[in-house]
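Let me begin by presenting the structure, written as structure tokens, before commenting on it.
2 protein chains.
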Amino acid sequence: MRMGRPREFDAETALDQAMEVFWRHGYEGATIAQLTEAMGINPPSLYACFGNKEGLLKAALDRYTKLRNIWMDEVVAAPTARAVAERMLMGIADKQTDPANPPGCLLVQGGVACGTGSENVPFELAARRAQNEEQLRDRFVRAKAEGDLKESADPAALARYVSAVSVGMGVMASSGADREALRQVADVAVQAVEAQSTKR
Amino acid sequence: MRMGRPREFDAETALDQAMEVFWRHGYEGATIAQLTEAMGINPPSLYACFGNKEGLLKAALDRYTKLRNIWMDEVVAAPTARAVAERMLMGIADKQTDPANPPGCLLVQGGVACGTGSENVPFELAARRAQNEEQLRDRFVRAKAEGDLKESADPAALARYVSAVSVGMGVMASSGADREALRQVADVAVQAVEAQSTKR
DNA sequence: CCAGATATGTAGTGTTCACTACAGATGTGG
DNA sequence: CCACATCTGTAGTGAACACTACATATCTGG
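As you go down the protein sequences, you meet chains A and B in turn. Numbered as in the working numbering, the first sequence ends at 307 without a single skipped number. Numbered as in the working numbering, the second sequence ends at 307 without a single skipped number.
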């Protein structure tokens with residue numbers, strides 16, 4: 108098999124730069140010119156490697172969720188439902204205000220509403236948020252089986268709740284809320300999970 | 108004073124139509140063509156009346172928040188902090204899944220991240236969300252003064268929390284969550300407020 | 001009924017967008 | 001060293017965008 112000229116840029120490094128542009132400006136707000144400049148490549152290289160703008164977004168989302176899933180594995184490793192919620196939401200407060208990244212969460216900032224022709228994008232983001240929620244739900248199902256959550260507790264509702272709070276915190280972060288403000292939200296939010304927990 | 112030819116469309120009716128387009132597609136995703144068609148007018152009428160696209164958005168936001176504030180007044184009229192939170196979040200669950208409107212909340216769907224040249228839009232939305240949060244905070248301050256909330260409770264944090272949950276619910280609604288799913292989230296969320304309340 | 005003022009519809013304007021044709025560069029297999 | 005495959009940079013492409021010039025229509029004040 109003939110190989111041809113090898114690619115001169117690293118795809119993952121380039122994706123990290125593209126991720127940041129989508130994160131800051133959203134899918135529709137990000138232009139190919141901004142993306143190629145951030146990635147340090149020219150348009151033909153982008154299209155050869157990722158197909159089109161939406162393909163680039165998906166690749167960036169894949170990378171984002173891959174990194175995030177590693178962290179989520181640590182989150183659900185916490186010993187109790189309450190500890191899972193706390194670790195998750197406090198971590199979110201830190202991550203979404205980390206100056207190394209744009210504020211907020213790519214899975215929201217990417218675009219919750221898009222124009223004609225990009226209707227797919229919000230679905231794509233929602234699907235990845237749903238993955239997170241499922242992971243939480245599975246963890247809360249286990250927590251209930253372990254007697255960690257009350258008999259009356261609904262693991263799916265709890266997971267949806269924690270997911271909703273984290274999304275809300277992300278929007279707040281993107282509009283200027285600082286780490287401390289988000290941690291206060293997380294602190295209150297955890298108490299709802301605690302209310303569903305068996306006493307310790 | 109000379110009056111000239113009178114306007115042939117009703118500005119508020121037209122705004123309602125524009126609001127829906129922004130709500131469904133976001134600021135950047137909404138095109139002037141879609142807006143004018145929905146409003147039943149031609150571009151020159153739009154620009155004469157609202158200045159430009161961003162002016163139209165602001166006018167639509169004004170109308171949106173005006174209607175919403177009427178509802179918020181009812182919310183904060185609830186007798187206790189817990190009742191306020193419940194009335195607010197349960198109402199949000201209903202409103203954000205009302206088939207009469209696009210799903211979710213205009214103050215989020217409008218655009219949490221925008222491209223170069225529209226950086227103002229996310230700020231504009233955030234400012235109006237902040238108004239809501241302030242109203243909640245004032246109510247919770249009163250609740251604490253009335254002995255309805257514990258001495259350890261932080262009214263500002265509680266308000267930020269309720270605001271975050273409602274934003275999170277909005278994003279969920281926009282990605283397909285139904286009324287019942289949102290009411291479950293609201294139900295869990297209220298328990299955190301309850302945990303900050305004095306016993307009854 | 002006339003003069004001035006404002007609104008409307010048609011038909012554009014220049015700009016920016018996502019995307020690509022093409023030619024030259026750089027690799028591999030024989 | 002050659003045939004071929006793939007990548008890269010330059011320089012565009014048509015389409016869609018927000019916005020507007022202009023002629024016409026419809027009002028008010030006098």
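The beta-carbon is built from N, C-alpha and C at its ideal position, and this holds for glycine as well. None of these values were measured; they are calculated from a predicted model.
Min CB distance residue i to chain A below 8 Å
{"i": "Tyr154/B", "result": "no"}
{"i": "Gln291/B", "result": "yes"}
{"i": "Met179/B", "result": "no"}
{"i": "Gly158/B", "result": "no"}
{"i": "Gly111/B", "result": "no"}
{"i": "Ala288/B", "result": "yes"}
Bridge-paired residues (DSSP) for residue i
{"i": "Ser304/B", "result": "Leu256/B"}
Residue span of the alpha helix (DSSP H) that contains residue i, given as start and end
{"i": "Ile177/B", "result": "160-183"}
{"i": "Thr143/A", "result": "139-146"}
{"i": "Met110/A", "result": "Met110/A -> no alpha helix (DSSP H), and no H or E assigned at all."}
{"i": "Cys156/A", "result": "150-157"}
{"i": "Ala200/B", "result": "188-202"}
{"i": "Ala118/B", "result": "118-136"}
{"i": "Arg267/A", "result": "262-281"}
{"i": "Val215/A", "result": "213-216"}
Contact with chain B by residue i, beta-carbon distance below 8 Å
{"i": "Pro229/A", "result": "yes"}
{"i": "Gln124/A", "result": "no"}
{"i": "Gln298/A", "result": "yes"}
{"i": "Asp169/A", "result": "no"}
{"i": "Asp255/A", "result": "no"}
{"i": "Asp245/A", "result": "no"}
{"i": "Met279/A", "result": "yes"}
{"i": "Gly162/A", "result": "no"}
{"i": "Glu233/A", "result": "According to the sequence displayed, residue 233/A carries Ala and not Glu. Yes, Ala233/A lies at the interface with chain B (some Cβ there is under 8 Å from its Cβ)."}
{"i": "Asp285/A", "result": "no"}
| said: Using a Cβ distance threshold of 8 Å, determine whether the stretch 209-229 of chain A contacts the stretch 108-125 of chain B, with at least three qualifying pairs required. | reply: no
| request: Quick one: which residues of the stretch 264-277 of chain A get their C-beta closer than 8 Å to a C-beta of chain B? List them in chain order. | output: Ala264, Leu265, Arg267, Tyr268, Ser270, Ala271, Val272, Ser273, Val274, Gly275, Met276
| Using 8 Å as the Cβ pair cut-off and three pairs as the minimum, do the stretch 144-159 of chain B and the stretch 256-276 of chain B touch? | no
| message | Taking beta-carbon pairs under 8 Å, can you tell me which members of the stretch 126-149 of chain A lie near chain B? | response | Trp130, Arg131, His132, Gly133, Glu135, Gly136, Ala137, Thr138, Gln141
| Of the residues that make up the stretch 197-222 of chain A, which ones have a beta carbon closer than 9 Å to any beta carbon in chain B? | Pro209, Gly211, Val215, Gln216, Gly217, Gly218, Val219, Ala220, Cys221, Gly222
| task | Mind the definition here: the stretch 192-208 of chain B touches the stretch 249-256 of chain A only if three or more C-beta pairs lie below 8 Å; say whether that holds. | result | no
| message | Three Cβ pairs or more, each shorter than 8 Å: is that satisfied between the stretch 160-173 of chain A and the stretch 124-142 of chain A? | response | yes
| query | Within the chosen definition, does the stretch 268-283 of chain B reach the stretch 233-250 of chain B through at least 3 CB pairs nearer than 8 Å? | reply | yes
| field | Touching by the beta-carbon criterion (3+ pairs, under 8 Å), the stretch 177-191 of chain B and the stretch 275-283 of chain B | value | no
| said: By the 8 Å beta-carbon criterion, what residues does the stretch 185-197 of chain A contribute toward chain B? | reply: none
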